[in-house]
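Chains as they are written, first to last, in the numbering used here: chain A, 101 to 592; chain B, 101 to 592.
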């Protein structure tokens, strides 16, 4: 239905984006915010129609999609608020000391400036929140960068509708046309051409490890390498401590059955590994989780490719040595459905077998049974970088777990106590990203306003007369933003 | 004299550094600051002896080296101050909303945490300030990361003396031994092994494009890619505007003769390109600059490899089509000396010939003569990323130069008006780094406290009881640092 963009169209899109950059980079925070808010308004104005199309394309239910659309508009407005307020650009001022010996000190002022057009690859599992006008485009626009989106081939119509909403917002707020370009591309070639285009300054991606890594490698080999911010998923290990298992196994079994299977487990923060020490408590938990899982209603996965990959990877894990199925849904499921299920394995086998460390994207989790705390530490030492890690423990557990928490914190971008990793709050303190291979660069995150930091660089102005400085750096602080002046934070 | 580290020694150094990391990452800002200040004290305590060794190894004069040592201690103490104060870790807190509908909002708190051992390659041209205890180690220690330094083979004894000073500081402040490891390596193999070691988390490098690019490529191809912060030099273009040339040609000629030839032009911010529009003013400037250059006393370059490379590259430029020598020193020079000199070329030739765009490391600059403003813009459009760009203009020039300044600002990390690019001030507002190929990642800089940002990542804590949080994030703000709490900056 939608044709892949050809080389000429891709070049034209990038050239328009670059032309827009030359104008948009000087746009005020307030005007950028007005545009970003208009995008949210226009997405809301799409009403039920876009939800229906998204339901058809992704098989996700209306409530989930409506919630996700709400989240998308919230994060657009959240970034708009931060950009309108303006302090996020880290204005730093060191004033001159003309009398200093042996040499005078010049006046130097610094702020974050945008880096150029950002190419965004939408995610299949979030047709709104991590796609066409999702967090990567919102962050890029906030930062001052135009966006070129490659629509996800699994929901091209939803993407097209959202793209039209963005274009309306551009027109209504008088922004340059190339602030948003939308191209389709089912195969790898379109994405490759976008990443290799000389006008591309950065890439945002949410998806598989294979996809993210391929883009990262391409970008590193360009004549001018550019950063790729790929969020590539995670097994999100959960560590169950003994006292909590003894006292609250049932409560957490119920909570985790929901977290493993919600939206058919198609979240990058789905808990895919559950690690505990063998004993009565872990048995109670496993049995209760099994009982819950048997009652979970299967549903169609995002698309047949995802359904197929889920089955292949699940089977791959289930057929590894010493892996036992703990439970599977007892309800009927079709070819395209996820199969809610949980398996288990010993820690020794887990440590020895890297095939068990991979993410199974879908409603599946693996319980890793340790003989003792030493084995749990060994599991930790063998885990790769993660978006999240979670520890479940009572006050008594946690009072003895300081070293364990410290050790786990090396692995992840977000460390959760007594909760579930699914449900990524949109707020300034969130970190959605983690050490490799959770993300290509764990020094950045893709949720919340600090996602903008990926698309900016510091620029220092030395010895500028006040009237030639950007407003952010002028002596009188006309934007009334927080600034660091000669080492002191303030607005005055 | 110093043996290259072998594979076992390299592995041991990295393992010790990692072991130190596990302890040092929990060290308080005040204790980190005490260690970093002790490093400065111990370097000062080396007295004249280290200056004499550095003079012998680098051929730089005592005054320059003494000044550079002062700068090194200043930047250590500057980072120590910022780390002791503590706000730089960007504590961000979003408190819980347990009553929120449809789902409660959890408590989420975020701060920057260190990423692990940092490998540092010292620079030949700054035996103190960008070497063994230079800005990269200072920034890594401030960030909470141990440092493994590969001594620069051109000044191994200086490096060894500074290394011993650092080790004394470690002992005196009770820090873990592996906080600093020092290895020698004349060839590429030692550096390669350090970059490829699994415990290496990041790399800091200052030197040539070829060297930095090789490390960048190695790091990108690791099973776990790591960031390489290579500052690879620059031609630091200077744009001379017409009214300034008419009124102040002599003044700027004198200033630039010094900037081109100071320390025999061995600064990464040496102005290597001077771009002006043909006419009386530019002629006056060129003649005055030529007269100055003829009087510059040649001196030995850092080492014979640098002297040889300077001559090769200078000759390469001088033998390109249409390049004319404007002036050379009239004083005698030896085999190892730099040759203070200036050449010129037309803008049309410059644009057409990429061989003229390369950095000639040493006391040489190329004047690019434009026919008009259009040609000057064409030169800008053909320049690569730069550490600095400079514009020389009167108020009258600058009032017409808004578009020009905007266009030039795309190229560089620091934009200077009516000054020289040499002399990189150590302060929070400095940006030392620029778009590729000036640095491998222009989103970061290697001078000033924000150099620490290269070696940290955000870590979010969700639903933590107060007593298990790091002090930086505790409810009562025991460190009294600036924090963003529910969107508001404050210390309360």
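Every residue gets a Cβ at the ideal spot worked out from N, C-alpha and C, and that includes glycine. Computed from a predicted model, the values in this text were never measured in an experiment.
For residue 589 (chain B), which three-state DSSP category applies?
strand
Do you know offhand how far residue 511 (chain B)'s Cα is from residue 457 (chain B)'s?
14 Å
Could you pull the start and end residues of the beta strand (DSSP E) that residue 515 (chain A) belongs to?
512-517
Which residues in the same chain as residue 240 (chain A) place their Cβ atom closer than 6 Å to its Cβ, once the five residues preceding and following it in sequence are excluded?
218, 247 and 555
Count the CB pairs spanning the region 258-273 of chain B and the region 579-590 of chain A that are closer than 8 Å, and state whether there are at least three.
no
By alpha-carbon positions, which one of B:451, B:485 and B:254 ends up nearest to residue 470 (chain B)?
B:451
Restricting to runs no shorter than 4 residues, where is the alpha helix (DSSP H) found entirely within the region 222-310 of chain B?
235-243, 256-272 and 288-296
Closest by CA to residue 236 (chain B), which one among B:225, B:224 and B:249?
B:249
Under 9 Å, CB to CB, which of the residues in the region 447-476 of chain B have a partner in chain A?
none
Ordered along the chain, which non-local residues of its own chain (more than five positions away) have a Cβ less than 7 Å from that of residue 397 (chain A)?
431
How far does the alpha helix (DSSP H) with residue 410 (chain B) in it extend, from its first residue to its last?
404-418
Please identify, using Cβ separations under 9 Å, the residues of the region 214-234 of chain B that lie next to chain A, in order along the chain.
215 and 216
Given that residue 505 (chain B) touches chain A, what residues does it touch there, using C-beta distances under 8 Å?
568
Report the start-end ranges of each beta strand (DSSP E) in the region 149-211 of chain B that is 3 residues or longer and not cut off at the edges.
192-194
Closer than 8 Å is the cut-off here; do at least three beta carbon pairs connect the region 339-353 of chain A with the region 375-385 of chain A?
yes
Run the proximity test for residue 512 (chain B): is its beta-carbon closer than 8 Å to any non-hydrogen atom belonging to the ligand ADP?
Of the ligands one can find in the structure shown there are none, so the ligand ADP has no counterpart to examine.
Look up residue 493 (chain B) in the DSSP assignment and say whether it is helix, strand or coil.
coil
Counted within 10 angstroms of its Cβ, other Cβ atoms place residue 221 (chain B) as buried (16 or more) or exposed
buried
Within 10 angstroms of its Cβ, does residue 251 (chain A) collect 16 or more other Cβ (buried), or is it exposed?
buried
Note down the Cα distance separating residue 480 (chain B) from residue 515 (chain B), rounded to an integer number of angstroms.
14 Å
Beta carbon of residue 334 (chain A) nearer than 9 Å to that of residue 538 (chain A)
yes
Simplified DSSP state of residue 139 (chain A), which is helix, strand or coil
helix
For residue 561 (chain B), the three-state DSSP class (helix, strand or coil):
strand
Can you give me, in chain order, the residues of the region 163-180 of chain B that have a beta carbon less than 7 Å from any beta carbon in chain A?
none
As a quick exercise: from B:363, B:447 and B:293, pick the residue whose alpha carbon is nearest that of residue 285 (chain B).
B:293
Which residue's Cα is closest to the Cα of residue 303 (chain B): B:315, B:311 and B:310?
B:315
Output the distance between the C-alpha atoms of residue 389 (chain A) and residue 193 (chain B), rounded to the nearest integer angstrom.
33 Å
Using DSSP with H/G/I as helix, E/B as strand and the rest coil, what is residue 481 (chain B)?
helix
Let me check understanding here. Comparing Cα to Cα, which of B:509, B:356, B:487 and B:499 lies closest to residue 477 (chain B)?
B:509
Identify the contact partners of residue 556 (chain A) in chain B, using a Cβ-Cβ distance below 8 Å as the criterion.
543
CA nearest to the CA of residue 371 (chain A), picked from A:121, A:489 and A:225
A:489
Exposure of residue 148 (chain B), with buried meaning 16 or more beta-carbon neighbours within 10 Å
exposed
Buried or exposed: where does residue 465 (chain A) fall if 16 or more other Cβ atoms within 10 Å of its Cβ makes it buried?
buried
Inspect the beta-carbon positions of residue 535 (chain B) and residue 209 (chain A) and report whether they are closer than 9 Å.
no
With a cut-off of 9 Å, does the C-beta of residue 531 (chain B) fall near any C-beta of chain A?
yes
Within its chain, find whatever has a CB closer than 6 Å to the CB of residue 403 (chain A); leave out the 5 residues flanking it on each side and keep chain order.
254
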